[in-house]
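Taken in order, the sequence shown gives residues 1 to 250; the numbers are from the UniProt record's numbering.
From the three backbone atoms N, C-alpha and C, an ideal C-beta is built for every residue, glycine too.
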Amino acid sequence: MSLKGKVVIITGASAGIGAAIAIEFSKKNSDVILVGRNETRLNEVAMQCEANGCYPTVINADITIDSEAARVIQETVKKFNKIDILINNAGILRKSSLIDGSFLEAFDEILKLNLRAAVNLVNLATPHLIASKGNIVNISGVAGRQILGVDYAAYSMLKASLDHFTRGAALEVGKYGVRVNTVSPGPVKTEIYDGASITIGQAKATLKTALNRWSYPEEIADVVLFLASDKAVGVTGSNYTVDNGLLVMK
1 MSLKGKVVII TGASAGIGAA IAIEFSKKNS DVILVGRNET RLNEVAMQCE ANGCYPTVIN
61 ADITIDSEAA RVIQETVKKF NKIDILINNA GILRKSSLID GSFLEAFDEI LKLNLRAAVN
121 LVNLATPHLI ASKGNIVNIS GVAGRQILGV DYAAYSMLKA SLDHFTRGAA LEVGKYGVRV
181 NTVSPGPVKT EIYDGASITI GQAKATLKTA LNRWSYPEEI ADVVLFLASD KAVGVTGSNY
241 TVDNGLLVMK
């Protein structure tokens, strides 16, 4: 599974799944571009990549701002003259409620990062991916297929939208040799629950899995690397679920 020399943009790379993806690509001698809003943490991830002999490019950017998203693409192409792989991983988890009136505010916040920013980056990167016959992996979630509980309708509907966007994009760019896929994690041991004011203990009590376990970020990264590699040359428009059997429990 050779990914050596592949130019890989990873959003949300400062922690959790994004950091794990970056570190795994660094082990394959890819040219890794770390994108995120927390420069200190991005640099910490960069140091972990450097331990594998990879010296990533750090781009501190808020991709919900169109000019910042464009800068990510521009700086990458300026340095490497190409883009091979785009990993749209950046995302937040927020509660939303119709009862207390917080739904629209939460919806707008989630929309900006989880969906619109990903769509914008795909739009910007597509000409470069056509040139390299590259591919895209969008990180979605099982919430796109199952409302996971009260207060998560906004988050879930936007994950479902990302899944549909992936399929639509795959349909359009397939004739140019560009693949587009989704990875949908179930419960993963990351900090994303902090933003929704949920403890891991509370989440575990709600999110039961058939295997009675949660994934580690590295498990998701392994699936992403497979989809980004030539081993998945015939895979596009697909949604790979890594949920330890959460959906079969519903």
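Residue i in three-state terms, based on DSSP
i      : result
Asn244 : coil
Ile33  : strand
Ser67  : helix
Val150 : coil
Gly234 : coil
Gly53  : coil
Leu93  : coil
Ser161 : helix
Val173 : helix
Asn81  : coil
Ser229 : coil
Inter-residue CB distance, residue i and residue j (contact presumed, cutoff 8 angstroms)
i      : j      : result
Ile83  : Leu158 : So it is not a contact: roughly 25 angstroms between Cβ atoms.
Gly174 : Thr126 : With a Cβ gap of about 12 angstroms, Gly174 and Thr126 do not count as contacting.
Gly186 : Asp243 : 3 angstroms
Ala86  : Asn60  : One detail in the question is off: residue 86 reads as Leu in this sequence, not Ala. Actually they are not in contact, since the Cβ atoms of Leu86 and Asn60 sit about 18 angstroms apart, beyond 8 angstroms.
Ala228 : Leu34  : That belief does not hold up - the Cβ atoms of Ala228 and Leu34 are roughly 16 angstroms apart, past 8 angstroms.
Ile220 : Ala20  : 7 angstroms
Residues bridged to residue i [DSSP beta-bridge criterion]
i           : result
Val183      : Ile139 and Tyr240
residue 265 : Given a span of 1 to 250 for the chain in the structure shown, any question on residue 265 remains unanswerable.
Asn60       : Gly36
Ile9        : Ile33 and Leu86
Val188      : Ser215
Residue i to residue j span [Cα, whole Å]
i      : j      : result
Pro217 : Ile139 : 12 angstroms
Glu39  : Ile17  : 17 angstroms
Ala205 : Val142 : Residue placement at Ala205 is flagged as unreliable, the pLDDT there being 46, under the threshold of 50; the coordinate-derived value follows with that caveat. About 17 angstroms.
Ala179 : Gly234 : Note on residue identity: the sequence assigns Arg, not Ala, to residue 179. Those two C-alpha atoms are separated by around 8 angstroms.
Leu246 : Lys95  : 20 angstroms
Leu115 : Asn212 : 30 angstroms
Cys49  : Phe80  : 18 angstroms
Leu93  : Lys78  : 33 angstroms
Ala196 : Leu162 : Low confidence applies to Ala196: its pLDDT is 47, below 50, so where it sits in the model is not reliable, and the reading given next is rough at best. Rounded to the nearest angstrom, the two C-alpha atoms are 20 angstroms apart.
Ile10  : Ile63  : 12 angstroms
Phe25  : Lys189 : 20 angstroms
Glu75  : Asp230 : 26 angstroms
Ser67  : Ala210 : 44 angstroms
Val122 : Ser14  : 20 angstroms
Ser184 : Tyr240 : 6 angstroms
Ala118 : Val58  : 18 angstroms
Phe225 : Val150 : Looking at the sequence shown, residue 225 is not Phe but Leu. So the two alpha carbons sit approximately 33 angstroms from each other.
Asn29  : Arg71  : 24 angstroms
Asn52  : Phe103 : 43 angstroms
Gln202 : Glu191 : Reliability of the predicted coordinates at Gln202 is poor, the pLDDT of 48 falling under 50, and no value is obtained from them.
Gly36  : Gly91  : 11 angstroms
Pro56  : Val32  : 5 angstroms
Gln146 : Leu207 : 12 angstroms
Ala22  : Cys54  : 10 angstroms
Continuous alpha helix (DSSP H) stretch holding residue i: start and end
i           : result
residue 277 : The structure shown does not extend to residue 277, since the chain spans only 1 to 250, so no value can be given for it.
Leu3        : From DSSP, Leu3 is part of no alpha helix (DSSP H); its letter is neither H nor E.
Lys27       : Gly16 to Lys27
Asp100      : Unbroken run through Asp100: none, as it is neither H nor E.
Bounding residues of the beta strand (DSSP E) (the contiguous stretch that carries residue i)
i      : result
Thr209 : Careful: Thr209 lies outside any beta strand (DSSP E) and carries neither H nor E.
Asn88  : Ile85 to Asn88
Thr126 : Where Thr126 is concerned, there is no enclosing beta strand (DSSP E), although the alpha helix (DSSP H) it sits in stretches over Ala117 to Ser132.
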